[in-house]
Ligand code: AMP
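Residue numbers (the working numbering): 13 to 307.
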């Protein structure tokens, strides 16, 4: 009965801290779901996982300017606030934190968290300042919320790996839970950016998940030539109107190093522009298990 619970919406870090402190004093465990809003069923799945694991759950909604490059979509990123708040309330969340930019980045802000190496590969190569913005804001949110568990989507595979590395390296006492990617019936991974797609682009966007499936099928049926698999993925992507692949690659699932032959655990990573919209997707392939890994 979500309506019987208190539901707090605040922009103020102090109020957030007060509410979390009170919940902790009551012996409740704290969950955190960091988001940029424009919430969809993928976000809702993170909130459900939080609800299952933790007693007091905080959703953060902040379109974090430092993870956007100047030419990216910061200004037009969707911000359907009322809809988002309803989704959080319906999902049984206890508090939504929607800070203002100056509270997160006060004048003179000069301290950044960077996970070296991992942050320069794949998405990091395409978006050089992106991950520094992500790890810095997530670290700040961890300082403010001090959650026991924080929930992230596998959809952003490299991101959750970086955050795991960051909390290990910096001894941040939080558990990271990674939740499976939620998809449309035709395979397209849900993303707040899907609203930018025209109907024709939306049809072409299926190519990303199709390319993941192709890679998985080939590798599971014994293909060892990684270059062949990558070429087949690129060909499939390029065969669709509007689709311009950025990368379609196989990497070690833990280090994200490119691989030249199959490993027990690998990840297929794809980034592609579909019209003007940049989409990413991935799937983990664990050859030690028979059933396809969740994707
Ligand atoms: P965003 O609002 O795009 O920054 O995403 C917030 C969180 O939701 C991140 O941990 C994402 O990985 C996760 N997320 C985004 N899309 C999906 C999806 N389709 N399935 C599961 N989690 C997702």
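Glycine residues also receive a C-beta, built at the ideal position from the N, C-alpha and C atoms.
The alpha helix (DSSP H) enclosing residue i, as first and last residue numbers
{"i": "residue 53", "result": "53-65"}
{"i": "residue 8", "result": "Absent from the model: residue 8. The displayed extent of the chain is 13 to 307, so no value can be given."}
{"i": "residue 298", "result": "Per DSSP, residue 298 belongs to no alpha helix (DSSP H); it is in the beta strand (DSSP E), 289-298."}
beta-carbon residue i near ligand 1 non-hydrogen atom, thresh 7 Å
{"i": "residue 178", "result": "no"}
{"i": "residue 47", "result": "yes"}
{"i": "residue 193", "result": "yes"}
{"i": "residue 164", "result": "yes"}
{"i": "residue 152", "result": "no"}
{"i": "residue 220", "result": "no"}
{"i": "residue 203", "result": "yes"}
{"i": "residue 131", "result": "no"}
{"i": "residue 55", "result": "yes"}
{"i": "residue 58", "result": "yes"}
{"i": "residue 168", "result": "yes"}
Alpha-carbon to alpha-carbon, residue j and residue i
{"i": "residue 96", "j": "residue 51", "result": "6 Å"}
{"i": "residue 73", "j": "residue 39", "result": "25 Å"}
{"i": "residue 300", "j": "residue 277", "result": "8 Å"}
{"i": "residue 37", "j": "residue 68", "result": "11 Å"}
{"i": "residue 306", "j": "residue 175", "result": "Low per-residue confidence applies at residue 306: pLDDT is 46, beneath 50, and the placement is therefore not dependable enough to give any value."}
{"i": "residue 148", "j": "residue 181", "result": "14 Å"}
Buried/exposed call for residue i, threshold 16 Cβ in 10 Å
{"i": "residue 289", "result": "buried"}
{"i": "residue 234", "result": "exposed"}
{"i": "residue 269", "result": "exposed"}
{"i": "residue 142", "result": "buried"}
{"i": "residue 14", "result": "At residue 14 the pLDDT is 47, less than 50, meaning the model places this residue with poor confidence; the figure from the coordinates comes in the next sentence. Counting Cβ neighbours within 10 Å, residue 14 comes out exposed, since fewer than 16 surround it."}
{"i": "residue 112", "result": "exposed"}
{"i": "residue 293", "result": "buried"}
{"i": "residue 128", "result": "exposed"}
{"i": "residue 213", "result": "buried"}
{"i": "residue 228", "result": "buried"}
Span of the beta strand (DSSP E) around residue i
{"i": "residue 262", "result": "255-264"}
{"i": "residue 74", "result": "Note, residue 74: premise wrong, no beta strand (DSSP E); not H, not E."}
{"i": "residue 162", "result": "161-165"}
{"i": "residue 43", "result": "42-47"}
{"i": "residue 280", "result": "277-286"}
Spell out a yes or no on whether the segment 133-144 and the segment 92-111 are touching, meaning 3 or more CB-CB pairs, one atom from each, closer than 8 Å. Per the Cβ contact rule, the segment 133-144 is not in contact with the segment 92-111 (fewer than 3 Cβ pairs under 8 Å).
Would you say the segment 117-132 touches the segment 51-67, given that touching needs at least three Cβ pairs under 8 Å? Because the criterion of three Cβ pairs below 8 Å is not met, the segment 117-132 and the segment 51-67 do not touch.
The segment 158-165 in contact with the segment 180-192 per 3-pair CB rule at 8 Å: Cβ pair count under 8 Å is three or more, so yes.
I want to know whether the segment 210-226 touches the segment 253-260 - three or more CB-CB distances under 8 Å. Short answer: they touch.
Touching or not, the segment 18-29 and the segment 150-160, by the rule of three or more beta carbon pairs under 8 Å? Verdict: yes, contact present.
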